[in-house]
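Peer 1: One structure coming up, written as C-alpha cells, with questions to follow.
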Amino acid sequence: MHSHHHSVGSKSFGGQHNHVAEHSGHSQKKIMIAAIITASYMLVEIIGGLWVNSIALVADGVHMLTDAMALAIAWWGFHIARRPANERMTFGYQRFQILTAFVNGFTLLLIVGGIIFMAIERFIQPQEIMGKEMFVIAVIGLLNNLLVFWILHSGDQHNMNMRGATLHFLGDTLGSVAVILGAILIYYTGWTPIDPILSILMATIIGVGAYRLTRESAHILLEGVPAGYEIAAIKQDLEARFDYLREVYHIHIWAIAEDQVMMTLHARTDMSHINEQTLADIKDYLHHEHKIHHVTVQLENGVSAEAKD
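UniProt numbering puts the sequence shown at residues 1 to 309.
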C-alpha cells in the first residue's frame, strides 16, 4: 500500500514542491541594487589604491570586485531557485542557492589568501604611501559600504545566500574603517607597516566568516544531518511515542535547502493491519515535533508511505 500526495504532471510538482522563501523576491531586488552600487565604486577604489600606493586600498578594491561578482551570483541563485519543480528536478532548484553560498564562501577564502600574500610582500618591500589621499578614498569607500550593508542587512538574513552576500559587505565595512585609521596614522607618523598589518587583520576577520559559510553550505551539499537534528534522539522518540513500532532503523535526514528538511526511515511493527492513518500519524508527528517537511516511511511488511506537507 502506497500513499502519495503528488501526481506526475509538472504542474503538480510545481504546486507541491516549490518551496520558495517568502522574501526571496524582495531580497533579490536588494542584491541587484547592491551589485550596481558596488560595481560603480569598485574601479574608484582600485585605481585610487594604485595611485596612493596603498595595498590595503587595493585589497579592499579587489575585494569589492569579488563582492560585485558574488552579488551577481547570489542574484542568479535567487532567480534559479524560483523555477518550479518538474519531472527531472523533482525537488526544484532550491539547492542552487546553497551552491552559490558555497561559491561565495570559497571565493572569499581565496581572496583572503591573496590579501595576506600581498601584505607579506609589502612587509618585505615597504613603499611610500600618500596618507591624505588614502584617507579621502577610504572615507568614500566606507560610506559606500555602509549603504550597501544596510541594503543587504534589511533583507532575509535567515537565507544562507543573503547572509553570504551580507557577510561580504560586513568585511568591506570593517575594512574601510581599518583603512581610514591606517591612513590617519600614516599621515601623522609616516609609519607605513600599518598598511599591511591592517590588510592581514581584515583578511583574518573575513576568513573566519567565509570558513563558516563554506562549511555550512558544504554540509548541506554533502547531505549531512542538519544542525539541531539527532538521529538517535528521533529514533528513541518515535519508538516511545508509537508503541506499535518495535524498531526504527535506516534513518536518513538531510536538507534540500536550509528550510526544507527530508527524512526516510524503516520500521518493524507487529501490527496485523497497517492503514494510511497509521502512516499519516507518524508523518504528522515528525512534522510538528521535529519540523521535518517530507517523510518517507517504510514498514517491514512492505507498506510504505510518502507524505509531504
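Note that beta-carbon positions come from the ideal geometry of N, C-alpha and C, so glycine has one too.
Quick check on DSSP: helix, strand or coil for GLU22?
Peer 2: Below a pLDDT of 50, predicted positions are generally treated as unreliable, and GLU22, at 48, falls in that range; no measurement from the model is reported.
Peer 1: Let me check understanding here. Comparing Cα to Cα, which of VAL295, THR189 and HIS288 lies closest to LEU265?
Peer 2: Ranking VAL295, THR189 and HIS288 by Cα distance to LEU265 puts VAL295 first.
Peer 1: Count the other C-beta atoms from every protein chain shown that fall within 10 angstroms of the C-beta of GLU22, then say buried if there are 16 or more, exposed otherwise.
Peer 2: Any answer about GLU22 is weak, because its pLDDT of 48 lies below 50 and its placement is not dependable; what the coordinates show is given next. So GLU22 ends up on the exposed side.
Peer 1: Within a Cβ cutoff of 6 Å, which residues of the same chain sit near MET130, ignoring the five residues on either side of it in sequence?
Peer 2: Once the five neighbours on either side are set aside, the close Cβ partners of MET130 are VAL52.
Peer 1: Measure the alpha-carbon distance for GLU216 versus VAL248 and round it to whole angstroms.
Peer 2: One C-alpha to the other measures close to 28 Å.
Peer 1: For ILE200, count the other beta carbons within 10 Å of its own beta carbon; 16 or more makes it buried, fewer makes it exposed. Which is it?
Peer 2: Its Cβ being crowded by 16 or more others within 10 Å, ILE200 is buried.
Peer 1: Since ALA119 and ILE55 should fall inside the 8 Å C-beta cutoff, what is the C-beta to C-beta distance between them, to a whole number of angstroms?
Peer 2: The Cβ separation is near 6 Å, so the contact holds.
Peer 1: Counting along the chain, where does the beta strand (DSSP E) carrying ILE256 start and finish?
Peer 2: Taken as a continuous stretch (DSSP letters only), the beta strand (DSSP E) holding ILE256 covers 245 to 257.
Peer 1: Which class does ALA85 belong to by DSSP, given the choice of helix, strand or coil?
Peer 2: Coil.
Peer 1: Please classify ALA232 as buried or exposed, where buried requires at least 16 other C-beta atoms within 10 Å of its C-beta.
Peer 2: Burial call: exposed.
Peer 1: Let me make sure I understand the geometry here. Which of ILE197, MET202, GLN277 and LYS30 has the alpha-carbon closest to that of ILE124?
Peer 2: It is ILE197 whose Cα lies nearest to the Cα of ILE124.
Peer 1: Please classify ASP281: is it buried, with 16 or more other beta-carbons within 10 angstroms of its beta-carbon, or exposed?
Peer 2: Per the 10 Å Cβ criterion, exposed.
Peer 1: Label TYR188 either buried or exposed according to how many other C-beta atoms from any shown protein chain fall within 10 Å of its C-beta, with 16 as the threshold for buried.
Peer 2: Exposed, since its Cβ has fewer than 16 Cβ neighbours within 10 Å.
Peer 1: Buried or exposed for LEU108, going by 16 or more other Cβ atoms inside 10 Å?
Peer 2: Result: buried.
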